[in-house]
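**Q** This is the structure, below, for whatever I ask next.
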Amino acid sequence: MPEPEATGTERNTASPDTIPDSPPPTGGLSPKSVAAWVLVALIGAIGWGVLALSRGEEISAAWLLAAALGSYAIGYRFYARFISDRVLKVDKTRATPAERLDNGVDFHPTDRRVLFGHHFAAVAGAGPLVGPVLAAQMGYLPGTIWIVAGVIFAGAVQDMVTLFFSIRRDGRSLGQMARDEIGPVGGAAALIAVFAIMVILLAVLALVIVNALAHSPWGVFSIGMTIPIALFMGVYLRVLRPGRVTEVSVIGVALLLLAIVAGGWVAESSFASTFTLEKETLVVWMIVYGFIASVLPVWMLLAPRDYLSTFMKVGTIALMAVGVVLAMPTLKMPAVTDFAARGDGPVFAGSMFPFVFITIACGALSGFHSLVSSGTTPKMIQKETQVRVIGYGAMLTESFVAVMAIIAACIIEPGLFFAVNSPAGVIGTSVETASQAVTHFGFAISPEALAQAAKDVEETSLLSRTGGAPTFALGMSQIFSSVIGGAGMKAFWYHFAIMFEALFILTTVDAGTRVGRFMLQDTLGNVHKSFKDISWKPGVWLASAVVVGGWGYFLWVGVKDPLGGINQLFPLFGIANQLLAAVALAVCTTLLIKSGRLRWAWVTGVPLAWDVAVTLTASYQKIFSDDVKVGFFAQRDKYQTGIDAGKVLPPAKNMDEMHTVVTNATVDGALSALFALLIIIVLLDAARTCFKAISDPPSVRLSEVPWTESKIVAPAGLIPTAEERAELAAAGLDSGGGRTKEPVA
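Residue numbers for the sequence shown follow numbering that gives the first Met the number 0, so the first one is 0 and each next one is one higher.
Structure follows, in structure tokens:
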């Protein structure tokens, strides 16, 4: 792969300042469109008004839905278009890396509908399902405000802008862009921080899947079948019927639904034991799958599997939304609970600021997304104009998943919510002790009600089923059973939801492994130039093995030891993810300034400032707080004192585990300090680079590749406009678009 040429001093190609401002190409709005958008805005505003003005009375979850959907529509139509057309000035005549470097392995122009599915599936992991559930401890209002406002002004902006700048740099990874554009010091800090955080994130996500699929023949069979189905879809689109996206979509969805139904049959058959796997076995299979998915051509497995899973993900969430509208469940959780002010909640400790923002993470702003936006997606996108629908649009879709998660958590009885999400050390192990503890929190629930809730979903107990996933499944089962099947179907929908969550998360692990491979190859390319060709076979195999070996090791140890491996690093997940977002936003802000877009730097600069305030405050508290529930070193001191006194403190069961807790707290505290320090170095070096670019513009150099004319014609959005349909017809292409021998004017 050719080296990118520095074009920062060539202001006609690198700087938008030479291009006069012009209105969006679609022109102004017609009176009918104005009326429609005013109506959308009113629906959203009324929804927010009902939520904000509630004073203790129960309100329908449908108002929360209206507030979110109205806000998303306005944000996508106006703010995202403003950024795309005015700030970034996307260029449909410019060839993307997928077109210029197409090699059928990593670089491959992909239909935007398939790529939307891949991108959404890759970024939408455990975060939007479980983070909002846990944040419901603070009430439904704080989390909802951050999920919606955060995605519109921060998360979706980060994803789209990172994707755009990576496209302009041959699909370079975030860490490598930091090194190229910020400088060797900040770049080195970013490379170290990004790769270390990514390994932790992948291991945490993999652990959630292992816990969900262990001893679940239905889940293992159904999810396992998505692999051969995806391989068939890849070959169908590439060889048998190229470009027939609609055809393969219908076939793939039919096969997926059959696999889900068949999973239930398998679970009741003599084959159940074959698909009933222990955690250790699942770890091995996941490592093998992650390696294979990382080295196979992207069109063969990764893209079609993600596209396929998106149908189930989006379809299920959309049906939940319909269920909310039909069943009109009420929000049982208060708008704001006392825990928001006190910071002593049983689900997670800490005040509303900053920890509700750290806990929600992926539903509003997630650093992991920037890895995908600078990993697989920029190497597959057909046109620059598609960054809006894929970068911004996919993130809005994930945020909607988070909204449905917070609805699921808040429509069940608060007493049940806290009994499910509080650790056994807080509520005990019996329904009687749990009832007493929850009543002490201010949310009464009887022992009989707790026992009945478990019986309804055919579980022996729901106590201390922490992590968020079981709560989401309870909420989903309540919504679906209210519309289809009644109380008798609650158990079916509950277990369907558990399987659904595992499918949701697995697509993040395989895409994340490939992204990690790209990142490692980019980094090694600074030492050995052969690695810069990300399709160079020795580099592909070596980097893939290192990445899966890294997260696989922590996952294996974590499964074998409840206090070891990734369990040791799990407390770092939320803060590390948000620190990663700070790196991405810092790189994007630097690039906006270096490329002559200083007046638009606030687009990423404002969310950067907010994210830095949140993450560094959280890091400071986790390092220096005297509260043993918050501070890592305070926890270490407590358990070290216990060891000195010869006492065993929960959750440790013996003195060896006491020493393990001390070690874990020390490691977590040290890593928190290290990650925060690395991010501060990145921010300071980025500030230096920005100041230099402002004070001495001629010195600016960008690693942006030169402009090359595109010979691909494709729509910018999922549905072609009338103008795009005419352009496709003139080129003799269908709605999927494709290459044309002569450029179309």
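Even for Gly, the Cβ is constructed at its ideal location relative to N, Cα and C.
Does the beta-carbon distance from valine 39 to glycine 69 come in below 8 Å?
**A** Against a cut-off of 8 Å, the Cβ pair of glycine 69 and valine 39 comes out as a contact.
**Q** Look up threonine 428 in the DSSP assignment and say whether it is helix, strand or coil.
**A** Coil at threonine 428, not helix or strand.
**Q** Which of helix, strand or coil does DSSP assign to serine 59?
**A** DSSP places serine 59 in strand when its eight states are reduced to three.
**Q** Measure the CB-CB distance between phenylalanine 471 and alanine 496 and report whether it falls below 8 Å.
**A** Yes, the Cβ-Cβ distance between phenylalanine 471 and alanine 496 is below 8 Å.
**Q** Does asparagine 11 come out as helix, strand or coil in the three-state DSSP assignment?
**A** At asparagine 11, the pLDDT of 39 sits below 50, so the modelled position is not reliable; the number obtained from the coordinates is stated separately. Residue state, collapsed to three classes: helix.
**Q** Per DSSP, which one or two residues make a beta bridge with valine 712?
**A** Bridge partners of valine 712: Gly737.
**Q** Rounding to the nearest angstrom, what Cα-Cα distance links serine 434 and isoleucine 426 in this structure?
**A** Straight-line Cα distance between these residues: approximately 8 Å.
**Q** Which residue marks the beginning of the alpha helix (DSSP H) containing tryptophan 750, and which one marks its end?
**A** Residue coverage of the chain in this structure runs from 0 to 744, which leaves residue 750 outside it and unanswerable.
**Q** Is DSSP giving arginine 93 helix, strand or coil here?
**A** Strand, per DSSP.
**Q** Nearest to glycine 693 by CA position, among Met518, Thr603 and Thr589, is which residue?
**A** Residue identity differs from the one stated: residue 693 is isoleucine in this sequence, not glycine. Comparing Cα-Cα distances from isoleucine 693 to each of Met518, Thr603 and Thr589, the minimum goes to Thr589.
**Q** Rounded to a whole number of angstroms, what is the C-alpha to C-alpha distance between glycine 262 and glutamine 634?
**A** Rounded to the nearest angstrom, the two C-alpha atoms are 44 Å apart.
**Q** Among residues of its own chain, excluding the 5 on either side of leucine 615, which ones have a beta-carbon nearer than 7 Å to its beta-carbon?
**A** Here the set comprises Ala675.
**Q** Measuring alpha carbon to alpha carbon, tell me which residue in Phe354, Leu701 and Lys312 is nearest phenylalanine 115.
**A** Comparing Cα-Cα distances from phenylalanine 115 to each of Phe354, Leu701 and Lys312, the minimum goes to Lys312.
**Q** Name, in chain order, the residues that DSSP records as bridge partners for threonine 329.
**A** Answer by DSSP bridge pairing, in chain order: Ser59.
**Q** So the candidates are Val104, Ser365, Arg240 and Arg54; which of them puts its Cα closest to the Cα of glycine 154?
**A** Residue Ser365 is the option with its Cα nearest to glycine 154.
**Q** If you count every other CB in all the chains shown that lies within 10 Å of the CB of alanine 107, and 16 or more means buried, which is it?
**A** One point to set straight first is that residue 107 is histidine, not alanine, in the sequence displayed. The residue is buried, with at least 16 neighbouring Cβ atoms inside 10 Å.
**Q** What are the boundary residues of the alpha helix (DSSP H) that includes tyrosine 638?
**A** Run containing tyrosine 638: 631-644, per the alpha helix (DSSP H) assignment.
**Q** Are the beta-carbon atoms belonging to glycine 441 and aspartate 337 less than 8 Å from one another?
**A** It is a contact, given that the beta carbons lie within the stated cut-off.
**Q** Roughly how many angstroms lie between the CA atoms of glycine 138 and valine 198, to the nearest whole one?
**A** In a straight line, the C-alpha of glycine 138 is about 32 Å away from that of valine 198.
**Q** What are the start and end residues of the alpha helix (DSSP H) that includes tryptophan 751?
**A** Because the chain spans 0 through 744 in this model, residue 751 falls outside it and cannot be assessed.
**Q** Tryptophan 550 by DSSP, collapsed to three states: which one?
**A** Of the three classes helix, strand and coil, the one that applies to tryptophan 550 here is helix, per DSSP.
**Q** Excluding sequence positions up to five away, which residues of its chain have a Cβ less than 6 Å from the Cβ of glycine 218?
**A** So the qualifying residues of the chain are Leu212, Met498 and Ala501.
**Q** Rounded to the nearest angstrom, what separates glycine 573 and valine 388 at their Cα positions?
**A** Distance between the alpha carbons of glycine 573 and valine 388 is about 27 Å.
**Q** Give me the residue from Val558, Leu732, Val355 and Ile82 with the minimum Cα distance to valine 209.
**A** Checked all of Val558, Leu732, Val355 and Ile82; the closest Cα to valine 209 is Val558.
**Q** For leucine 190 and proline 537, what's the separation of their Cα atoms in angstroms?
**A** Looking at the two C-alpha atoms, the distance is approximately 22 Å.
**Q** Confirm, please, whether the CB-CB distance from glycine 322 to serine 481 is below 8 Å.
**A** The answer is yes: Cβ separation under 8 Å.
**Q** Please work out which residues of its chain come closer than 6 Å, Cβ to Cβ, to lysine 621, disregarding the five sequence neighbours upstream and downstream, and give them in chain order.
**A** Same-chain partners within the cutoff: Phe631 and Ser671.
**Q** Heavy atom of the ligand MG less than 7 Å from the Cβ of arginine 171, yes or no?
**A** Judged by which ligands are present, the structure shown has none, so any question about the ligand MG falls away.
**Q** According to DSSP, is isoleucine 681 helix, strand or coil?
**A** Strictly speaking, residue 681 in this sequence is valine, with isoleucine absent from that position. Looking at valine 681 - three-state DSSP - the assignment turns out to be helix.
**Q** Give me the Cβ distance between aspartate 684 and glycine 344, rounded to the nearest whole Å; I'm assuming they're in contact under 8 Å.
**A** The pair is not a contact, with the Cβ atoms about 37 Å apart (cut-off 8 Å).
**Q** Helix, strand or coil: how does DSSP classify serine 671 here?
**A** Helix, per DSSP.
**Q** Relative to the C-alpha of glutamate 412, which candidate in Thr396, Phe356, Gln451 and Ala612 has its C-alpha closest?
**A** Among Thr396, Phe356, Gln451 and Ala612, the Cα nearest to that of glutamate 412 is on Gln451.
**Q** Enumerate in chain order the residues of its own chain whose CB-to-CB distance from phenylalanine 152 is below 7 Å, with the five nearest sequence positions on each side excluded.
**A** Taken in chain order, the residues that qualify are Pro606.
**Q** Suppose the cutoff is 7 Å on Cβ atoms and the five residues either side in sequence are ignored; what does the same chain contact list for tryptophan 145 look like?
**A** Answer for tryptophan 145: Val355, Phe356, Ile359 and Ala363, listed in chain order.
**Q** For valine 283, which option in Tyr552, Val647 and Pro561 has the closest C-alpha, if you only look at C-alpha atoms?
**A** Taking only the C-alpha atoms, the option nearest valine 283 is Tyr552.
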